[in-house]
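To start, the structure itself, in structure tokens.
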Ligand code: GLC
């Protein structure tokens, strides 16, 4: 790397593409010059010992210039606008929904007809679950990609995707899609060539002649799907080799020690960038670097690769933010936002999976202490980056927060997790939930939890028993859960169906391509007759939809609900109630959540502990006012109630 003259290389490439570096292309040129040495440094750190290091780096510069040249003018304008907004992803104006196109509306072509429904709810950001070619039956919900550029015909065509993007753009909606970075389907062209014996493509994957190294790797690699896909390697009969397949046997891990793989996947990233993607969801980034003797997760080289991607995107598609889908321990997740000189220069967004799981913890135990014990970690997130806040998604709920957090609340970690699993699987006598254990590891008894928001909150059982009180209680829980994730700071992401209370769908059990994976129970097929019940008075659908809509509206109304590192958790006054203050300049909003099925009592002192003594509080949810009472009197919260209280000054 150090043997090439970077400035000269840039100028040669800019000339080749006839860039107007003193005119229309000046901003790009400046970004390229400003970041090239960091880029070179990162690339060399990873690849300097690879024989193709220099030619691949030169090819990367070429790619950046070409991608910029090809980037549509409208996207360049949008880039400039977003850059002028500071970090646009922090805004309280963005509310997302994650959905499967086929299960939501059939095909991409139908999606524009549903945008009004989404907009009526206040959604202006869509995560489309993977739509690229993926073999039916060996698809992992689209996360086994056979062609990164070809939309699977089940969904439509690439032109359909382009028109969805254009329609969304014209309606000021943001788009997110995935880059499945860690692996390809074994039907991908590279995998096919590897199977056919082409050494160049065998080097795109981790392929071994025998079990010697695979056995050593497996020694320290945890299994991801121990029930349905045990082990981390699969035998490939076509070429008589073993290939690394951390997820399912049909998902082959890409070998990022090979710079050709990095460059090819970066091309795919830019293909999505130039389609007009606003946030790119980098699937499973924790896994992208493997090293013998480690868990092969969260390795420093994985972070270097992400930083390299971020630098490239900042140069050629600066309006596209990166979401790192790392569902990892609290200490690890923070590193995805970048550390040291790369602080806030790695992923812009990450899932707040810890907080999500802790809300489920609090809901089952009626105790918020574990949630509170975790916050000192979660609050380390650097300014300028943000969370996806959510209650449910297409995946399972993992109880991956630290044992120390559970212990800090006075519980035994093993028994505490055992209780949570039994509670949500519905086998505990106290439980009202209908869920299921996912990926039970027979060796460790570790397990995660599947189930929809509504079923885990008891709605399925309440409806079965035709118990109106239980129905109302489960609705209160659903809204409590959504409310906390809505006001915490971060982009709220609603999982489709949850806005109208879809309960578990058990039809996956009849489909051999899905029956091994019970996460399908929480991936509903939308029945529009059900969704249209939002227009009928007092239906469950209307109650949940309206409350969700009001939460979104309230968040959009108050600027301080954006993520400006402006949250302070309240010291616990009652273990059943979690509370935080969101503040900006002289405005303060107290957000309190009662996870108890009984009323909870808080002394009025809770509103005075931060040196500010409001005389009155306005409850934005109920539209009522409270006069703050003396410290020996109580502010009472109803079962599963939450309050959004603004200090009246
Ligand atoms: C991510 C996806 C999950 C998938 C896995 C493998 O975690 O969210 O659904 O199974 O990656 O691609």
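Residue numbers (my numbering): 9 to 657. In this text, a Cβ means the ideal position worked out from N, Cα and C, and glycines have one as well.
- For residue 249, the closest of 304, 62, 36, 204 by C-alpha to C-alpha distance is 204.
- Burial is judged here by how many other beta carbons sit within 10 angstroms of a residue's own beta carbon; residue 477 has fewer than 16 and is exposed.
- In the three-state reduction of the DSSP assignment, residue 17 falls in the helix class.
- Distances taken from the Cβ of residue 195 to the heavy atoms of ligand 1 include none shorter than 7 angstroms.
- In the DSSP assignment, residue 37 falls outside any beta strand (DSSP E) and lies within the alpha helix (DSSP H) extending over 34–55.
- Secondary structure of residue 500 (DSSP, three-state): strand.
- Burial check for residue 617: the Cβ neighbour count within 10 Å stays below 16, so the residue is exposed.
- Distance between residue 116 and residue 66, taken at the CA atoms: about 37 angstroms.
- Sequence-distant Cβ neighbours of residue 217 in its own chain, meaning closer than 7 angstroms and more than five residues away, are 249.
- At least one heavy atom of ligand 1 sits closer than 7 angstroms to the Cβ of residue 188.
- Given a length threshold of 4 residues, each whole run of the alpha helix (DSSP H) inside the segment 324–362 is given here in chain order: 338–343.
- Residue range 155–159 is occupied by the beta strand (DSSP E) that includes residue 155.
- Contact between the segment 90–110 and the segment 392–411 is established, with three or more Cβ pairs separated by less than 8 angstroms.
- The way I'd put it, the segment 50–62 does touch the segment 309–320; three or more beta-carbon pairs between them come closer than 8 angstroms.
- Residue 346 holds the alpha-carbon nearest to the alpha-carbon of residue 355 among 299, 346, 626.
- Look at residue 112 here: in three-state DSSP terms it is helix.
- Residue burial annotation: residue 511 is buried, with at least 16 other C-beta atoms found within 10 angstroms of its C-beta.
- When distances are taken from the beta-carbon of residue 148 to the heavy atoms of ligand 1, the shortest one is below 7 angstroms.
- Taking a contact as a CB-CB distance under 8 angstroms, the pair residue 362 and residue 370 does not count as one, their CB atoms being some 12 angstroms apart.
- Taking a C-beta distance under 8 angstroms as the contact criterion, residue 539 and residue 458 do not qualify as a contact pair.
- In this structure, the alpha-carbon of residue 576 lies about 49 angstroms from that of residue 28.
- For the set 396, 230, 588, 595, the Cα lying nearest the Cα of residue 601 is the one of 588.
- Separation of the CB atoms of residue 317 and residue 274 is rounded to 7 angstroms, and the pair is thereby assigned contact status at 8 angstroms.
- DSSP, reduced to helix, strand and coil, places residue 407 outside both helices and strands of the structure shown, so it counts as coil.
- Distances taken from the Cβ of residue 231 to the heavy atoms of ligand 1 include none shorter than 7 angstroms.
- With respect to the 8 angstroms criterion, residue 553 and residue 495 are not classified as neighbours on the basis of their beta carbons.
- In the three-state scheme derived from DSSP, where H, G and I count as helix and E and B as strand, residue 587 is classed as strand.
- In the DSSP assignment, residue 87 falls within the unbroken alpha helix (DSSP H) covering 81–92.
- Judged by DSSP secondary structure, residue 289 falls outside any alpha helix (DSSP H) and instead within the beta strand (DSSP E) spanning 287–291.
- DSSP places residue 656 within a strand segment (E or B) once states are collapsed to three.
- Note that the C-beta distance between residue 493 and residue 393 is not below 8 angstroms.
- Between the segment 416–424 and the segment 377–385 there are three or more inter-stretch CB-CB distances shorter than 8 angstroms, so the stretches are counted as touching.
- One Cα belongs to residue 24, the other to residue 71, and the distance between them is close to 12 angstroms.
- Boundaries of the alpha helix (DSSP H) around residue 225: 220–228.
- CA-CA distance, residue 439 to residue 262, rounds to 42 angstroms.
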